[in-house]
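This report concerns only the one structure given below.
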Amino acid sequence: MKNDALITIKDLLVKRGDKDVLRVEQLSIKRGEVLAVVGPNGAGKSTLLLTLARLLSPEQGEISFNGTQAQNESDTVYRRRIALVMQDPLLFDTSVFENVASGLRFRAKNKIEIQEKVSLWLERLGVSHLAKRRAKRLSGGEAQRVSLARALVLEPELLLLDEPFSALDPPTRASILDDLGVLLEETETTTLFVTHDLPEAVKLADRMAVVIENRLEQIGEASSLFESPANKEVARFLNHKSV
Amino acid sequence: MIFDAEILQITILSLQISAFATGISLLIGLPLGTLLALGKFWGRSFLLSMVNTGMGLPPVVVGLFVAMMLWRSGPLGDFQIIYTPLAIIIAQVLISFPVVTGLTAAALQALDPRLRLQLYGLGASRLQMIWSLWREARLPLLAALMAGFGSVISEVGASMMVGGNIRHQTRVLTTAIVLETGKGNFEIAIALGLLLLLITFLVNWALTWIQQRGARE
Numbered sequence: 013m014k015n016d017a018l019i020t021i022k023d024l025l026v027k028r029g030d031k032d033v034l035r036v037e038q039l040s041i042k043r044g045e046v047l048a049v050v051g052p053n054g055a056g057k058s059t060l061l062l063t064l065a066r067l068l069s070p071e072q073g074e075i076s077f078n079g080t081q082a083q084n085e086s087d088t089v090y091r092r093r094i095a096l097v098m099q100d101p102l103l104f105d106t107s108v109f110e111n112v113a114s115g116l117r118f119r120a121k122n123k124i125e126i127q128e129k130v131s132l133w134l135e136r137l138g139v140s141h142l143a144k145r146r147a148k149r150l151s152g153g154e155a156q157r158v159s160l161a162r163a164l165v166l167e168p169e170l171l172l173l174d175e176p177f178s179a180l181d182p183p184t185r186a187s188i189l190d191d192l193g194v195l196l197e198e199t200e201t202t203t204l205f206v207t208h209d210l211p212e213a214v215k216l217a218d219r220m221a222v223v224i225e226n227r228l229e230q231i232g233e234a235s236s237l238f239e240s241p242a243n244k245e246v247a248r249f250l251n252h253k254s255v
Numbered sequence: 004m005i006f007d008a009e010i011l012q013i014t015i016l017s018l019q020i021s022a023f024a025t026g027i028s029l030l031i032g033l034p035l036g037t038l039l040a041l042g043k044f045w046g047r048s049f050l051l052s053m054v055n056t057g058m059g060l061p062p063v064v065v066g067l068f069v070a071m072m073l074w075r076s077g078p079l080g081d082f083q084i085i086y087t088p089l090a091i092i093i094a095q096v097l098i099s100f101p102v103v104t105g106l107t108a109a110a111l112q113a114l115d116p117r118l119r120l121q122l123y124g125l126g127a128s129r130l131q132m133i134w135s136l137w138r139e140a141r142l143p144l145l146a147a148l149m150a151g152f153g154s155v156i157s158e159v160g161a162s163m164m165v166g167g168n169i170r171h172q173t174r175v176l177t178t179a180i181v182l183e184t185g186k187g188n189f190e191i192a193i194a195l196g197l198l199l200l201l202i203t204f205l206v207n208w209a210l211t212w213i214q215q216r217g218a219r220e
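If you read the sequences in order, they're chains A and B. When you read off a place in the first sequence, starting at 1, and then add 12, the result is the number in my numbering. When you read off a place in the second sequence, starting at 1, and then add 3, the result is the number in my numbering.
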C-alpha cells in the first residue's frame, strides 16, 4: 500500500507578496504513509500544509492528487478529500458529539451514519464519555483528542496535522501520540505531519521531509537523513535538534 | 382622551413597525456585516467607518432625510408613503441597520481568524463556513439584534417627522408620549412611558433568555 503516490508535487512556488515562502522541486507522499515535515520555525512547513489544504494558492507548480490534477477540482470538492487538525484544537462552541459530527454534516451524511461514525471515533480516541459535554469545557488533551476524532471520522484520503501536540504537556502528548500512531497504522491514513519536534517525528512518521529557509531540502527515512544529510543546513538542523 | 383600546392599538402598531424594521435591518445587516468582517476588497475600511458612523446617526437627521425624499415634491413623492407606517419603517431601518451591521462585523472579527481555515479544512463550503461562524458568534449577534430593536422602539424624532403622529394611523408609543406631554397630560404620558419601558424590557428579556440559554452548559 505504501508504494504508489497519493500526492505528487512538482516545481511548487508559494509567495507572500514578493517574498518566496516555499519552494518544492519534487515531493511525493505515498499512499498510507505518515510523512513528517520538519524544520526550524518559519521555514515554510505550515505553508506546505496550508497549500495542500488549498488554503493558500501557489504562484506556480503542479499538485496531483491520486493521479489527477488537483487544480481541476473546486475548492470544496478538493477539501472534502482531506481533513485538517491545527495546533490549537479550535473546537466549536457546541457539544463534543456535534464537533465530531460537523464535517459529516457539511457532507450531508445521514443521521444513522453520523451517529455510528461519531460514536466509533469518540470511542477510538478514548473520549466517548465526553460526548455530551460542551467542547469549550475540555482540558487541552481532551480537546485535541476530540479535534483528532473530528478529522479522522471523515476517513480522509489525506490527513493534515499542523503541530497538533505542541501546546500539550509531555505526558499528555506522549499518550495521544501513542494512540494516534496505532490508529494511523490501523486505518492506513495518508498523513502529512508538520512538527518542529524531531523525536515526535521519528516516532510517528515513516519518512521525514526537511524544510529549511523556505525550501524542501531533503526527504527520506529518518535513519538515512541522520546518516547522510544532504547539506550543511540539514546536518546542522538534525544535529542541533536531535535528542 | 386615550382609551384602553387606543393604547392597545398604538402599542401593537409600535411593536409591528419596530419588529418589521429590525427584521429588515437584520436581513441587510447580517450579510453586510459578514462581508465587512470577512471580505477583502478595496474600500472596506471606508465602508466600515461609514457603518460605525451610522451607528450614531441622530434619528431626527434620518427623519429629515427620509421626509425630504418622501415629501410630495420629493424624488419619491409619487409613491405617497409619507405619513404612513411604511415611512416610519423606512426611517427606522436606516437607524437600526448600521447598528446591526456594525455589531455583526465586530462580533465576527472577534472570532479566532484560524476558525475559518479550520472550517474549510473540515470540508465546509463558503456558505457552511459563514453559517458556522454565525453559530459561533450567536451571543454577540443576539446582542446586535437587541441593540437594533432598542434603537428603533425608543426613537421619536424620525417617527414624528415621517409618520406625522396621525391618530389610528401612524401614532406610536413614543410620538403619543410627546403629544400627551405637549397637552399637559402628564399622567397619560407617564403611563405610556412605563408601557414602553415594559415592552422594551419584555422583548430584551426574551432575547437575553435565548442568549444566556446558549451561554449555559
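C-beta atoms are modelled at their ideal positions from N, C-alpha and C, and glycine is treated no differently.
Check, Outcome
"Simplified DSSP state of A121(B), which is helix, strand or coil", "Note on identity: in this sequence residue 121(B) is Gln, with Ala being the wrong assignment. It is helical."
"Contact between the segment 217–236 of chain A and the segment 36–50 of chain A (3+ Cβ pairs under 8 Å)", "yes"
"Interface residues of the segment 131–143 of chain A facing chain B [CB-CB below 7 Å]", "none"
"Proximity test, Cβ basis, 9 Å: S69(A) and chain B", "no"
"Residue closest to F109(A), alpha-carbon to alpha-carbon, out of I126(A), I21(A), T203(A) and A55(A)", "I126(A)"
"Cβ pair I10(B), L182(B) closer than 9 Å", "no"
"Partner residues on chain A for R117(B), Cβ-Cβ distance less than 8 Å", "M98, D100 and L102"
"Alpha helix (DSSP H) segment containing L35(B), residue limits", "D7 to L41"
"Neighbour flag for L47(A) against chain B, beta carbons, 9 Å", "no"
"Beta-carbon gap between L41(B) and L111(B) smaller than 9 Å", "yes"
"Where L250(A) falls: helix, strand or coil (DSSP)", "helix"
"Boundaries of the alpha helix (DSSP H) in which Q99(A) is found, first to last residue", "Per DSSP, Q99(A) belongs to no alpha helix (DSSP H) and is neither H nor E."
"Beta-carbon spacing of V102(B), I31(B) below 9 Å", "no"
"Whole-angstrom distance between A143(A) and R117(B), CA atom to CA atom", "24 Å"
"Of the listed residues S187(A), L196(A), K31(A) and N111(A), nearest to L171(A) (C-alpha basis)", "L196(A)"
"8 Å CB neighbourhood of P71(B) in its chain, flanking five on each side removed", "With the sequence shown as reference, residue 71(B) is identified as Met, and Pro is not the correct amino acid for it. Once the five neighbours on either side are set aside, the close Cβ partners of M71(B) are G77."
"Same chain only: Cβ atoms within 8 Å of A213(A), ignoring 5 sequence neighbours per side", "A48, V50, F205, T207, M220 and A234"
"DSSP three-state assignment for S40(A), whether helix, strand or coil", "strand"
"Within-9 Å CB hit, L120(B) to chain A", "yes"
"Opening and closing residue of the beta strand (DSSP E) in which T173(B) lies", "Note, T173(B): premise wrong, no beta strand (DSSP E); not H, not E."
"C-beta atoms of E224(B) and F104(A) nearer than 9 Å", "Beyond the ends of chain B as shown, which are 4 and 220, falls residue 224(B); an answer cannot be given."
"Assumed close pair V26(A), E71(A) - CB separation to whole angstroms, cut-off 8 Å", "6 Å"
"Euclidean distance between Cα positions of S76(A) and F68(B)", "58 Å"
"Which listed residue (R93(A), L61(A), N53(A) and L216(A)) has its alpha carbon closest to that of P168(A)", "R93(A)"
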